[in-house]
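What follows is a set of notes on a single structure, which appears directly below.
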Ligand SMILES: Cc1ncc(C[n+]2csc(CCOP(=O)(O)OP(=O)(O)O)c2C)c(N)n1
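Numbering (the numbering used here), first residue to last: 49 to 345.
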């Protein structure tokens with residue numbers, strides 16, 4: 049069966065929004081993920097769909113001071129996707145913010161494309177702040193960015209980073225936490241995608257990372273727990289992070305976001321089997337129907 053997905057031309061601006069305005073954006077990101085993965089015939093569906101609501105608020109809710117026309121501005125805020133395998137949703141968010149053409153999205157994972165399976169800094173893709181994919185490295189790099197910004201440049205840039213929860217089984221993640229707290233990196237916003245799924249099972253069964261809130265607190269972080277699909281809670285958490293930074297709390301902010309792997313696609317929801325698999329054409333058509341787009345064949 050041929051699959052020639054329709055891509056809308058929608059580019060969304062970055063501005064303060066009401067919670068009900070994010071739904072349309074998140075749907076667009078989720079449709080992009082399904083289409084690009086079905087065309088690539090490989091990639092990580094579940095986690096990419098699971099963080100689409102968080103990225104919608106982050107990239108389109110006025111929280112990131114970034115400009116597609118000046119993507120290297122030295123005073124920009126930064127987002128590092130430490131869970132680099134979730135690249136499809138980041139690529140979609142950047143394209144829908146106008147950082148590069150939407151017609152790059154169907155080139156995901158193709159030879160010669162700038163949109164490889166994990167973000168590559170050397171691809172010179174506007175909006176990508178770091179190569180990531182080796183779990184634990186992205187958060188370590190983000191802590192370095194936060195330190196450089198606060199201690200050396202003495203500027204007020206916001207540094208956001210998202211790790212998976214399985215990713216927290218990597219030892220260097222806790223070295224990053226220790227370092228961020230020790231050096232009082234209150235400009236760091238560390239989002240944990242807490243879907244309790246990893247590559248081959250439930251995180252709590254493979255190697256438990258719990259109790260998570262208490263662990264981060266014992267390292268000296270401020271911790272908020274939220275529903276990672278509730279736009280009001282996501283916005284409120286980001287607002288608290290900004291307050292935390294402006295009040296010079298001296299503590300990194302950790303947002304533990306409860307999410308569901310595969311969110312939005314009925315047959316993928318909360319199934320760790322969808323960690324690293326793409327939908328085939330038939331599955332993609334069902335997924336797109338779940339996401340409000342009908343295909344006749
Ligand atoms: C250092 C390192 N070890 C192993 C991998 C392979 N790997 C990629 S994703 C993943 C599971 C990560 O689980 P989680 O952070 O919960 O992500 P999710 O399953 O929610 O997408 C593994 C083991 C890797 N990318 N890097």
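Cβ atoms here follow ideal geometry from the backbone N, Cα and C, with glycine treated the same way.
Residue 214 has its Cβ nearer than 7 Å to a heavy atom of ligand 1. Taking the Cβ of residue 241 as the reference point, at least one heavy atom of ligand 1 falls within a distance shorter than 7 Å. The beta carbon of residue 333 sits no closer than 7 Å to any heavy atom of ligand 1. Counting C-beta pairs closer than 8 Å gives three or more between the region 177-193 and the region 128-147, which meets the contact rule. Distances from the alpha-carbon of residue 93 to those of 104, 54, 77 put 77 closest.
Bounds of the alpha helix (DSSP H) holding residue 227 are 219-230. Closest by C-alpha distance to residue 50, out of 333, 337, 340, is 333. Under the DSSP assignment, residue 89 falls outside any beta strand (DSSP E); it carries neither an H nor an E label. In the structure shown, residue 123 falls within a coil segment according to DSSP collapsed to helix, strand and coil. Sequence-distant partners of residue 242 (beyond 5 residues in either direction) whose C-beta falls short of 8 Å from its own C-beta, in its chain, are 213, 260, 276, 304, 305, 306, 307. Per DSSP, the continuous alpha helix (DSSP H) segment holding residue 334 begins and ends at 329-338.
Shortest Cα-Cα distance from residue 220 to any of 291, 189, 343, 58 involves 189.
In this structure, residue 272 has its beta carbon at no less than 7 Å from each heavy atom of ligand 1. Taken in chain order, the complete beta strand (DSSP E) segments of 3 residues or longer contained in the region 273-320 are 301-306.
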